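These notes concern the structure reproduced below.
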Amino acid sequence: MRVDENLLYEFESGLNPQDLKNSPTPATIIGYGEISAIFQIADNSEVAFKRLPLFSDRPSAELYIQHHDEYCHLLTEAGLRLPEHEMVIIEPIDRPVAVYIAQKLLPSRRFGHQLIHEFDGDNIRLLLEIIVAEISRIWRYNRSHQPAIRLALDGQLSNWVWFDDPPRSVIYYIDTSTPLFRKEGIEQLDPELFLKSAPAFLRWILRWLFLKDVIDRYYDQRRVYTDLAANLYKEQRPDLIPEAVTIINRQLGSDQKPLTVDDVEKYYREDKLIWSFYLSFRRIDRWLTTKIFRRRYEYILPGRIRR
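So that you can map any letter, position 270 of the sequence shown is 269 in numbering that gives the first Met the number 0, and since no number is skipped, the others follow by simple counting.
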């Protein structure tokens, strides 16, 4: 994998997050995460660059990379397959320190949220079964390693890339930018990173009311599965939810309450409301920052999200 650190420095130094098309270094946005934007930069068609402009100094960026590397090692130890990646710290003058995760660029047509619109019913069922089984690896690992180690995971469809070509199929998990894991019950990632991109006027209430719950959901197998099934609403395939619920319930332990379609619908309504309000407030914050206070706004927000 080819990563040009000089190119990344030039890109970050010349980047106007609110006017990407006029960046001196050409780039295309290919995706968004909760705390990142994902680019293809210049003529490099081999690498996806995840930009995290979250750090006040180099030591905090280095600590994040340390946690990220350990998280990736633990995911691999649990049985997941990850794409090749590298980490780069960029320190432009008078800007936040940014970390770039350079990850091998996989074909967009092989992402789970794309495949559910291309496959026939049998192959969609197989895809969902494989994803649900991959997620279960994390909780098998947790059962044998906690409290020393406990892993979390975001299992939504767009985080899985499946190659079903003979002689064997391979599925990759790609969302490692939020490296959540606990040692002896202690969160290793600084939870405040989740709030860095939030409007300053909202951070106290998000910290008070939502932060712990948002993080805890990724440690709860049933809630991760519920989020996966609810993701089918966002991806315009609610017709697949009953099938997904059936597949999920085969993986849930006897000590866990079976999932229902009503559970998924209720979760989706609440989740959609929370994230819609959150994105709206981020847009207000961007407007206030750039138009009223005439300051630079570091984050790149998605356009209208179809849900």
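All C-beta atoms in this analysis are idealised placements derived from N, C-alpha and C, irrespective of residue type, glycine included.
Note that the coordinates shown come from a computational prediction; the quantities given were computed from them, not determined experimentally.
query: W286 classed as buried or exposed, judged by whether at least 16 other C-beta atoms fall within 10 angstroms; result: exposed
query: Cα-Cα separation, R50 to H116; result: 28 Å
query: Sequence-distant residues of its chain with Cβ nearer than 7 Å to L179 (five each side left out); result: A151, L188, I214, Y217
query: Span of the alpha helix (DSSP H), counted from its first residue to its last, around L73; result: 57-77
query: When N15, L125, R281 are compared against G302, the one with the closest alpha-carbon; result: R281
query: As assigned by DSSP and simplified to three states, the class of T177; result: coil
query: DSSP three-state assignment for T24, whether helix, strand or coil; result: coil
query: S157 versus A243: straight-line alpha-carbon distance, rounded; result: 16 Å
query: Beta-carbon contacts of N141 that lie in its chain and below 7 Å, excluding the five residues immediately before and after; result: R149, L150
query: Close beta carbons around I130, own chain, < 6 Å, minus the five adjacent residues each side; result: W159
query: Helix, strand or coil at H112 [DSSP, three-state]; result: helix
query: Nearest-angstrom Cα separation, counted from P257 out to P23; result: 53 Å
query: Cα-Cα separation, G32 to T175; result: 10 Å
query: S168 to W161 span [Cα, whole Å]; result: 7 Å
query: C-alpha distance - P58 paired with A101, whole-angstrom precision; result: 20 Å
query: Whole-angstrom distance between L227 and E234, CA atom to CA atom; result: 11 Å
query: Counted within 10 angstroms of its Cβ, other Cβ atoms place R307 as buried (16 or more) or exposed; result: A question about residue 307 goes unanswered here, because the residues of the chain that appear run from 0 up to 306.
query: Check whether P16 and I283 have beta carbons under 8 Å apart; result: no
query: Cβ neighbours of Y266 in the same chain (closer than 6 Å, five flanking residues each side left out); result: T225, A229
query: Own chain partners of E186 with C-beta closer than 6 Å, once the 5 adjacent residues on each side are dropped; result: none
query: Where the beta strand (DSSP E) containing L51 begins and where it ends; result: 46-54
query: I37 - containing beta strand (DSSP E), residue span; result: 36-40
query: Proximity to A47 [Cα-Cα], best of Y63, I204, Q39; result: Q39
query: Assigned exposure category for F200 - 16 Cβ within 10 Å defines buried; result: exposed
query: Contact belief for G184 with P241 at Cβ below 8 Å, rounded distance in angstroms; result: Between P241 and G184 the Cβ distance is about 37 Å, and since that is not below 8 Å, they are no contact.
query: 7 Å CB neighbourhood of H66 in its chain, flanking five on each side removed; result: P178, Q187, L188
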